[in-house]
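K.L.:
Chains as they are written, first to last, in the working numbering: chain A, 1 to 444; chain B, 1 to 444. Cβ coordinates follow ideal geometry from the N, Cα and C atoms, glycine included.
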């Protein structure tokens, strides 16, 4: 059996990709921008509404899906977040798109500003050629690529500031189409391993990916068995050294698929969740409250529904424990419309720093014992169990030829431990943590 | 979503189970031995030949199956091996069943001796009541249960002798039927984690298990969707502290399934494989040669075929690497007949100590650097990746309600490490190891 995995060479050059994303074709002034384009515009008009199934079309339906993860084809990805100083919480509070529909386009323009200018602050040149981004400024794929790049840069900078270390930046290409930017800081002063990843990929959906999506209720009609797709996302996992600083994870992604008749399906997915080693109620409250406030700007049901979904998804079934204390998780979100969902995703992305950094700073100088470090290592083992056994993104990535394995497995901690029959003494802080993982709580 | 996993309480009492294994019914003098028996003898005659499909019936067919693992339902198990002093290599050489058919039964009796006497040396009383074992002495399920208990005891004793530590013995019951004995030594002088596990389980095959078996080519016709089964096995994973002592794994198992018409299918599976951190050609040669000699006593194709199967099975696909330097692996073995296959499995089981212990003793006092320990930890990470992502026994066990999770995950190392983009320098001993893992070698 020969390996079907291709290891990409990592390039740190300024080489960029001409993105061949689905909607680009309807708006681009000229096809000359798309050399060797595999994507062809089959319909004359490009519909921005999803053609999904009941589950895909209605938010409530999507919510009803059981722990149906998501994870874009090749969103082996991640990295992100807006620094609180740059994106103060007050900004979120002013954005209430449901009731301010008319302000939408204006606000977007304000946010996005000049593409070239914004790119200067990124960790690397974007995956898509800047010229192409400029020409397709109004397209969702461009808006999302800019958001994920921005998110990566702001989060990395916030982490560098607290750690004192520097992220290693790897820009990589995907042979089948697209590429990504992986930022990793390993064995820093504060962080044992911090990974922030962006990927923008396109191509034809593999059989495996289509199957996974259909199992979530999507109806996908390919032409000659082919389903062109474009997926992008930012994701991150941060494992600190100090057991009193929790691990955080987030991922925000956007997906487009073109069906045989030329219609497109699109959706957003994502979430942010916290995995502490010990329960700190104040931290848990702060984290969830910050997420809730971001959600509440967009829909009163978002936080309660996505909080539950998060607890369901990050569940280590064989242990009967959640991975951490949750946060929010959603997928297949495609209503009320693309702009509104994007606004929501943007709010979420910009909430990562204010969710997490205050907790990091609070515990920065906490002292800890060898026993506490040990318990952290045991919890890290459970983290590995979840990621390798259940996480659909990881499973999908590992099964997809051409995936960048190092970016997918970046989420694993530097060190982990498995003790046979480990059981914390009754009444201990370790037992208190387990109790919460076995019976998820409401924190707000 | 509620947890479907039941955590069993561990019992160290002398409580035993009245095994309700399939063939017992045809031979047991009285059904009074089977209180509350779920198993009923549907046929009048019990056939000992497998009713498998082409793949199941022919050894060649079985070999042709791609990395189709195996792993009995609930052989979340393992532990084993005969100490070289008790089972000298010369013994194996005298056993050539293919050409000495007539000696078979006589030899069996010699080997097995008195049940009560043999049980005295075990790590715990067997799962099945000793009285039941005595009454069903000639049955394959009894012979196999005695072999796996013996294997566990001999291997544990050999490891205790070299380490100086003592195994923790946990006897556990499985609510759905059967139980097991887990022996674990953690953080010893020589061994970081050593687990030797026995399980003897019965009940009705879950949908998931039946599906997995059918995917390997088995035709299973249940009655009212039910397929009574009995499975038993011994398995073990030993992770030493010194990076110059390799990790070893083995597993030998026996499976019976009763179909709707009362006919039974049975088969054996198993294997032994080595996972060094550094290549030592002498060790590799010794390990494979010892296995080859055991195989050659039974069939000239066993070693070459099972060696290849092992390389195919223990393959970390996403890394393009084998887990270690292999050994042998086989499954669905049910020809030429039950006695012959059992003899072969016995030879394999008794080869574990002579395969492994000489290597342990040889490197016992090897000095090592922090860098070598680090590389060991990175390799441990890959071991975890294989076990959680690909190993069918682990996947099956984690998905099976009532599995004893601690026994399944006993195979994970105490500590492991994931370094982003770890790549050993060209020409280093680490690179030499990787080269072998990427291109499996012939060692004999």
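Quick one: is residue 375 (chain B) near chain A, going by C-beta distance under 7 Å?
P.N.:
The sequence position of residue 375 (chain B) within the second chain is 375, counting from 1. No, because no Cβ of chain A sits closer than 7 Å to the Cβ of residue 375 (chain B).
K.L.:
At which residues does the beta strand (DSSP E) containing residue 252 (chain A) begin and terminate?
P.N.:
Start at 1 with the first residue of the first chain, and residue 252 (chain A) comes out as number 252. Taken as a continuous stretch (DSSP letters only), the beta strand (DSSP E) holding residue 252 (chain A) covers 247-258.
K.L.:
How long is the line joining the alpha carbons of residue 140 (chain B) and residue 340 (chain B), rounded to whole angstroms?
P.N.:
As a position in the second chain, residue 140 (chain B) is number 140, starting the count at 1. As a position in the second chain, residue 340 (chain B) is number 340, starting the count at 1. Distance between the alpha carbons of residue 140 (chain B) and residue 340 (chain B) is about 11 Å.
K.L.:
By the criterion of Cβ-Cβ separation under 7 Å, what are the contact partners of residue 440 (chain A) in chain B?
P.N.:
The count along the first chain starts at 1 and reaches residue 440 (chain A) at position 440. Here the premise fails: no neighbours, minimum Cβ distance about 11 Å.
K.L.:
For residue 430 (chain A), I'd like the list of residues in its chain whose CB is within less than 8 Å of its CB, leaving aside the five on either flank, ordered along the chain.
P.N.:
Indexing the first chain from 1 puts residue 430 (chain A) at position 430. These residues qualify, in order along the chain: 278, 375 and 424.
K.L.:
Cα-Cα, which of A:260, A:266 and A:245 is closest to residue 254 (chain A)?
P.N.:
As a working note, residue 254 (chain A) is residue 254 in the first chain. Ranking A:260, A:266 and A:245 by Cα distance to residue 254 (chain A) puts A:266 first.
K.L.:
For the beta strand (DSSP E) that residue 238 (chain A) lies in, which residues bound it at each end?
P.N.:
For the purposes of this step, residue 238 (chain A) is taken as residue 238 along the first chain, with counting starting at 1. 228-240 is the span of the beta strand (DSSP E), which, as asked, contains residue 238 (chain A).
K.L.:
Mark residue 421 (chain A) as exposed unless 16 or more other C-beta atoms lie within 10 angstroms of its C-beta, in which case mark it buried.
P.N.:
The residue you call residue 421 (chain A) lines up with position 421 of the first chain. Flag for residue 421 (chain A) reads exposed.
K.L.:
Taking residue 310 (chain B) as the reference, give the member of B:132, B:249 and B:241 with the closest Cα.
P.N.:
Along the second chain, one-based indexing puts residue 310 (chain B) at 310. Measuring from the Cα of residue 310 (chain B), the nearest candidate turns out to be B:249.
K.L.:
Anything in the stretch 309-320 of chain B with a Cβ closer than 8 Å to a Cβ of chain A? List those residues in chain order, please.
P.N.:
Those residues of the stretch 309-320 of chain B that come within reach of chain A (Cβ to Cβ, closer than 8 Å) are 312, 315, 317, 318, 319 and 320.
K.L.:
So, do the stretch 203-211 of chain B and the stretch 140-154 of chain B have three or more beta carbon pairs nearer to each other than 8 Å?
P.N.:
The answer is no - the stretch 140-154 of chain B does not touch the stretch 203-211 of chain B, with fewer than three Cβ pairs under 8 Å.
K.L.:
Among A:160, A:418 and A:406, which has the Cα closest to the Cα of residue 409 (chain B)?
P.N.:
In the second chain, residue 409 (chain B) corresponds to position 409, counting from 1. When each option's Cα is compared against that of residue 409 (chain B), the closest is A:418.
K.L.:
Does DSSP put residue 178 (chain B) in a helix, in a strand, or in coil?
P.N.:
Residue numbering aside, residue 178 (chain B) sits at position 178 when the second chain is read from its first letter. Note: residue 178 (chain B) maps to strand in three-state DSSP.
K.L.:
Go ahead and label residue 276 (chain A) buried or exposed: buried means 16 or more other beta carbons lie within 10 angstroms of its beta carbon, across all protein chains shown.
P.N.:
For the purposes of this step, residue 276 (chain A) is taken as residue 276 along the first chain, with counting starting at 1. The residue is buried, with at least 16 neighbouring Cβ atoms inside 10 Å.
K.L.:
With a threshold of 7 Å on Cβ separation, who are the neighbours of residue 163 (chain A) within its own chain once the five nearest residues in sequence on each side are excluded?
P.N.:
On the first chain, position 163 is the one that residue 163 (chain A) refers to. Around residue 163 (chain A): 185, 188, 189, 190 and 191.
K.L.:
Quick one: does the C-beta of residue 294 (chain A) sit closer than 6 Å to a heavy atom of the ligand MN?
P.N.:
Of the ligands one can find in the structure shown there are none, so the ligand MN has no counterpart to examine.
K.L.:
Is there at least one Cβ from chain B nearer than 7 Å to residue 328 (chain A)'s Cβ?
P.N.:
Here residue 328 (chain A) is taken as the residue at index 328 of the first chain, counted from 1. No - not a single Cβ of chain B is within 7 Å of the one on residue 328 (chain A).
K.L.:
Under 8 Å, CB to CB, which of the residues in the stretch 412-435 of chain B have a partner in chain A?
P.N.:
The stretch 412-435 of chain B vs chain A, Cβ under 8 Å: 412, 413, 414, 415, 416, 417, 418, 419, 420 and 421.
K.L.:
Taking Cβ positions only, does residue 389 (chain A) come closer than 7 Å to chain B?
P.N.:
Walking along the first chain from the start, residue 389 (chain A) turns up at place 389. Yes, residue 389 (chain A) lies at the interface with chain B (some Cβ there is under 7 Å from its Cβ).
K.L.:
Any contact of the stretch 321-338 of chain B with the stretch 276-295 of chain B, i.e. 3+ C-beta pairs under 8 Å?
P.N.:
Contact holds: three or more Cβ-Cβ distances are below 8 Å.
K.L.:
With DSSP collapsed to three states, give me the class of residue 441 (chain A).
P.N.:
Numbered from its first residue, the first chain carries residue 441 (chain A) at position 441. If DSSP states are grouped into helix, strand and coil, residue 441 (chain A) belongs with coil.
K.L.:
Give the interface partners of residue 265 (chain B) over in chain A, defined as CB-CB distance under 9 Å, in chain order.
P.N.:
For the purposes of this step, residue 265 (chain B) is taken as residue 265 along the second chain, with counting starting at 1. Within 9 Å Cβ-Cβ: nothing; residue 265 (chain B) doesn't reach chain A, min ~27 Å.
K.L.:
List the residues of chain A that residue 410 (chain B) touches, going by C-beta distances under 8 Å, in chain order.
P.N.:
Taking the first residue of the second chain as position 1, residue 410 (chain B) is located at position 410. Per Cβ cutoff of 8 Å: 420.
K.L.:
For the beta strand (DSSP E) containing residue 331 (chain A), name the first residue and the last one.
P.N.:
For the purposes of this step, residue 331 (chain A) is taken as residue 331 along the first chain, with counting starting at 1. Looking at the DSSP string, the run of the beta strand (DSSP E) that includes residue 331 (chain A) is 326-333.
K.L.:
Going by other Cβ atoms of all chains shown within 10 Å of its Cβ, with 16 needed for buried, is residue 199 (chain B) buried or exposed?
P.N.:
What you label residue 199 (chain B) is simply residue 199 of the second chain in a count that begins at 1. The residue is buried, with at least 16 neighbouring Cβ atoms inside 10 Å.
K.L.:
Contact criterion: CB-CB distance below 7 Å. Does residue 186 (chain B) meet it with respect to chain A?
P.N.:
As a first step, residue 186 (chain B) must be located in the second chain, where it is residue number 186. Yes - at least one Cβ of chain A is within 7 Å of the one on residue 186 (chain B).
K.L.:
Closest to residue 416 (chain B) by CA distance: which of B:403, B:433, B:387 and B:407 is it?
P.N.:
Against the second chain, residue 416 (chain B) aligns to sequence position 416. It is B:387 whose Cα lies nearest to the Cα of residue 416 (chain B).
K.L.:
How close, in whole Å, do the beta carbons of residue 232 (chain A) and residue 181 (chain A) come, if the pair is a contact with beta carbons under 8 Å?
P.N.:
Against the first chain, residue 232 (chain A) aligns to sequence position 232. Against the first chain, residue 181 (chain A) aligns to sequence position 181. Residue 232 (chain A) to residue 181 (chain A), Cβ: 11 Å. No contact.
K.L.:
Just curious, the alpha helix (DSSP H) that residue 264 (chain A) is in, first and last residue?
P.N.:
Translated into the one-based positions of the first chain, residue 264 (chain A) becomes position 264. Run containing residue 264 (chain A): none in the alpha helix (DSSP H); it sits in the beta strand (DSSP E), 264-275.
K.L.:
Below 8 Å CB to CB, which residues in the same chain sit around residue 134 (chain A) once its five sequence neighbours on both sides are set aside?
P.N.:
Taking the first residue of the first chain as 1, we reach residue 134 (chain A) at position 134. Only 115 and 116 meet the Cβ criterion.
K.L.:
To which residues of the same chain is residue 77 (chain B) closer than 7 Å at the C-beta, ignoring the five residues directly before and after it?
P.N.:
As a position in the second chain, residue 77 (chain B) is number 77, starting the count at 1. Residue placement at residue 77 (chain B) cannot be trusted, given a pLDDT of 29 that sits under 50; what the coordinates show is reported in the next sentence. The residues are 180, 197, 198, 199, 233, 234, 235 and 407.
K.L.:
Work out the CA separation of residue 228 (chain B) and residue 9 (chain B) for me, nearest whole Å.
P.N.:
Here the question's residue 9 (chain B) lines up with position 9 in the second chain. Here the question's residue 228 (chain B) lines up with position 228 in the second chain. Residue confidence is low: residue 9 (chain B) scores 30 on pLDDT, short of 50, so the model does not pin down where it sits. No coordinate-derived value is stated.
K.L.:
Using a cut-off of 7 Å between C-beta atoms, extract the partners of residue 345 (chain B) located in chain A.
P.N.:
To locate residue 345 (chain B), count along the second chain from 1; it is residue 345. Chain A residues near residue 345 (chain B): none, gap ~25 Å exceeds 7 Å.
K.L.:
Near residue 153 (chain A), what residues of its chain come up, given a Cβ to Cβ distance below 7 Å and the 5 sequence neighbours on each side ignored?
P.N.:
Within the first chain, numbered from 1, the residue matching residue 153 (chain A) stands at position 153. Around residue 153 (chain A): 121, 122 and 123.
K.L.:
List, in chain order, every chain A residue whose beta-carbon is nearer than 8 Å to that of residue 405 (chain B).
P.N.:
Taking the second chain and counting its residues from 1, the one referred to as residue 405 (chain B) is at position 405. Here the neighbours are 318 and 319.
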